[in-house]
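With my numbering as the guide, the letters of the sequence shown map in order to residues 812 to 1561.
For glycine and all other residues, C-beta sits at the position ideal for the given N, C-alpha and C.
Okay, structure first, notes after.
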Amino acid sequence: MLYAQVVLPLAQPMYTFSLDEGLAVEVGDAVVVQFGSSRFYTGIVWSISTTKPDFPRIKPIIAKLYSSPLVSPEAQRLWEWMADYYMCTVGEVMRMALPSLAKPSATSLAELDERSIEPPMEGYVALSEELRDEEALAAYVTRHERRAPRRTRLLDSIASLAIERCSNDGFVPRRLVDATAEQLADLRKRGLIVAEQRVVTRDSGGDKFLLPVLSDAQHQALQSIRAAHGEGRVALLHGVTGSGKTEIYIHLIAEQLSKGGDVLLLVPEIVITSQLISRLERIFEGRTTTYHSRLTPLRRGQTFLRLALSNGGELIVGVRSSLFLPFAKGALVIVDEEHDPSYKQSDMQPRYNARDVAVVMGRLSDARVVLGSATPSLESYVNALAGKYAYVELKERWGDGVLPEVVVSDTIRAVKRGERKTHFNFDLLRLVRRSLDDGEQAILFQNRRGYAPYIQCRTCGYSPRCPHCNVTLTEHRTTRRMECHYCGYTVERPSVCPNCETQDITTMGFGTEKVAEEIARLFPEARVERLDGDTSTSERAFKRIVTRFENREADILVGTQILTKGFDFGGVTTVGILNADNLLSTPDFRASERAFQLMMQVAGRAGRRNDRGRVVIQTSQPKHPIIEYVASGDYHAMARVELAERKAFGYPPYSHLIRLLLRHEDYDTLHRASHALAEVLRRVFGARVMGPVSAALEMLRGEHRSEIMLKIESGASLSRARKLLAEALKIVGDDAQYKTVKINVDVDAS
Ligand code: ADP
Ligand code: ZN
């Protein structure tokens, strides 16, 4: 009897099931098992052994799904690495990595059957086995050329299609063969070809793509990346905004596809990538597939199965979870905007960073990895400095493009001199005026959506707060409501103070809604659009705004950080950053790095064609070093100073931070549990333990939250730290009084 260790998509260890003789199951296969009394799951066979485990009742594997394994040995190693590194179970990795329809679960087998999907199939043909030998084919052709020219030509064309498409077993999709059904049936009858149904694949191999011609600098960068990949190293492509990183990606993608290999282009968010995607689709038509959470479950499931069960040779453009699609070995993985925080999953296990997992994947499955950014994360930069990654730099914009000129505008001075109207310094208004007069466009960036981040009673100081999260409610004028930006709770905007009943309520601070309203008042002839979470609730709404601005049907675009994400608008000559202060003042060790990245990225939207762009940064701290680095565009200086500071205080990249977030409805229980855990941890980790403190968001959806940070310096063994931490968590978790306290572990928290 054989026994299989099976991973289930749960926060559970692996379980052993028995394998009936009739069932041909191999490692990596998806199988149906019963778990619990009335639940059927899809699990993955992790290993098979002959040793009988010593518990009495072992359930059998019920069925096998799909014709071949879903999870390759390389993917198994990657999942195991993730479970170990991010401190979760392999089952939790599986739950995230496989789309729901590829791993159906149900309460009965009939229901499970209904939920399963089949991979899309199509007809394939190949020459008969004898004719797949080149000499045999040549001999056959010579012999029959005269009498049956059409037949031999057809055989020839199938053979060359197989070569062009890098088919390793000679099979090619029927639809690519230029022949009628009768002609093919005739060949089959004569035993010259064979046909079968296979999973649909995309076109692959051997095509000629229409590629952009690279500048010398771009060409050199491409060569350096190739050289790095030749040595099996990761390449960090640091190219200023508008330097044409995309063009380099396009060349790398074309090379890989024409060899029949897979490509993954990871992007932080899909909707805002629509410009990039249509550019890629124009070049790699029929080859490009997008993968993200807004697709229907069916589309996602089918994409997964198609890749798992077919030969590959595809370009996937997708968000972080696409990393777990079943790519063939040796894929090309490009992580665009590698510094972007959305690569980190922080709301559930595994709390992974897709950029880091991509690098590990490079090691485990021979993937060639490119990390690209105009403002690399300090983590990647340090790896490049240390020689771990190849560092490839593009210092100039492509063509005649020059980097924008940055004006730092002191808000306090502007107020003193009467050179400010509401939220705009005259410096900014003058440049907006100039862009409009020249028939050009302007972008205004404010890092907050809504009208005002809070309202306050001028008599008693009262501000309405979210009853579930204890943060101030943001005013939204369009809906006339107050909204919690953490949990979505809303109430009508009060017109009298609920506390002292006077009518003296005023707005405090400002969000994009207010900026758009006021700029429209100052420039009544300008057409103003707003791009933020409230105006782009659907992909369609988002695209409509972007297209209008692209087509110059709008003059001023006001928006939140969505604007920082790689847009290529030709007509923008003025960019305004309305309040740099709130970027600089977030209480987070990454605040400076993030502020620099955000400002550089927004600034990068200016002057992307020939005209020189201008950027105005409004701040009350014009001498702040980060502002100065943005003004001079000096990434290296920023990195040098910031890294020295991180080193002095032992922050990443010189350490790993592990955040423990504790949650409970009852404040006292939470408080006691947090202190108990911190004490156990201090016994092991000493001064590496920080906290407990109330979490940045003390309350969320009715739960109190506190956190403990562990700082594990580079050089210390992170794996040992994780082991000790797991033991400490068990001690506290096993204590009956803390059973109901939820603890989340976040390795490399940010
Ligand atoms: P990045 O992603 O580095 O910010 P892009 O790849 O978006 O830069 O390029 C900026 C602009 O320059 C785009 O409009 C792009 O079409 C153009 N461009 C860059 N390189 C080339 C090239 N080799 N040939 C034609 N256009 C280019
Ligand atoms: Zn709330």
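Leaving aside the five residues that flank Glu885 on each side, the residues in its chain whose CB is nearer than 7 Å to its CB run, in chain order, Lys1140, Leu1175 and Ser1176. Taken from the Cβ of Ser1184, every heavy atom of the ligand ADP lies 6 Å or farther away.
Runs of the beta strand (DSSP E) lying entirely within the region 1153–1233, each at least 3 residues long, are 1179–1184, 1201–1205 and 1216–1221 in chain order. Thr1052 has its Cβ nearer than 6 Å to a heavy atom of the ligand ADP. Exclusion of the five residues before and after Ser879 leaves Leu1120 as the residues of its chain whose Cβ lies within less than 7 Å of its Cβ.
Around the beta carbon of Thr862, fewer than 16 other beta carbons sit within 10 angstroms, so the residue counts as exposed. Shown here for Val1213: same chain residues with a beta carbon closer than 6 Å to its own, the five before and five after excluded, namely Arg1423 in chain order. At a cut-off of 4 residues, the continuous stretches assigned as alpha helix (DSSP H) that sit fully inside the region 1012–1058 are 1027–1041. Bounds of the alpha helix (DSSP H) holding Pro884 are Pro884 to Tyr896.
The three-state reading of DSSP puts Gln845 in strand, counting E and B together.
With contacts defined as CB atoms closer than 7 Å, Cys1295 and Met1510 fail to qualify as a contacting pair. Closer than 6 Å to some heavy atom of the ligand ADP: that describes the Cβ of Asp1379. Assignment of beta strand (DSSP E) within the region 1062–1150, counting only whole runs of 3 or more residues, yields 1074–1077, 1099–1102, 1126–1129 and 1143–1147 in chain order.
DSSP, read as helix, strand or coil, puts Arg962 in helix. The Cβ atoms of Ser939 and Gly854 lie no closer than 7 Å to each other.
Setting aside the 5 residues that flank it on each side, Gly1513 is surrounded in the same chain by His1279 and Glu1476, each with a C-beta closer than 7 Å to its C-beta; the list follows chain order. Relative to Ala1391, the option among Ala1442, Leu1342 and Asp1366 whose CA is nearest is Ala1442. Between the region 967–987 and the region 928–937, the count of Cβ pairs shorter than 8 Å is three or higher; the stretches touch. Residues of the same chain with a CB within less than 7 Å of the CB of Pro915, apart from the 5 flanking positions on each side, are Thr853, Leu923, Arg926 and Ser927 in chain order. Not a single heavy atom of the ligand ADP lies less than 6 Å from the C-beta of Thr1375. DSSP places Asn1555 inside the beta strand (DSSP E), whose first and last residues are Lys1553 to Val1558. For Ala874, the enclosing beta strand (DSSP E) begins and ends at Ala874 to Leu876. Contact between Tyr877 and Leu1075 is absent: CB atoms are separated by about 22 Å, not below the 8 Å threshold. For Lys870, the shortest separation between its Cβ and any heavy atom of the ligand ADP does not lie below 6 Å.
With a beta-carbon spacing of about 6 Å, Lys1376 and Pro1079 fall inside the 8 Å limit used to define contacts. An exposed status is given to Arg1269, since fewer than 16 other beta-carbon atoms sit within 10 Å of its beta-carbon. When the beta-carbon positions are compared, Arg1166 and Leu1126 stay at least 7 Å from each other. Thr853 has Val843 as its beta-bridge partners, per DSSP. 7 Å or more divides the Cβ of Val1144 from the Cβ of His1103.
Taken through DSSP and simplified to helix, strand or coil, Gly1544 comes out as helix. According to DSSP, residue pairing for His1287 in a beta bridge involves Arg1292.
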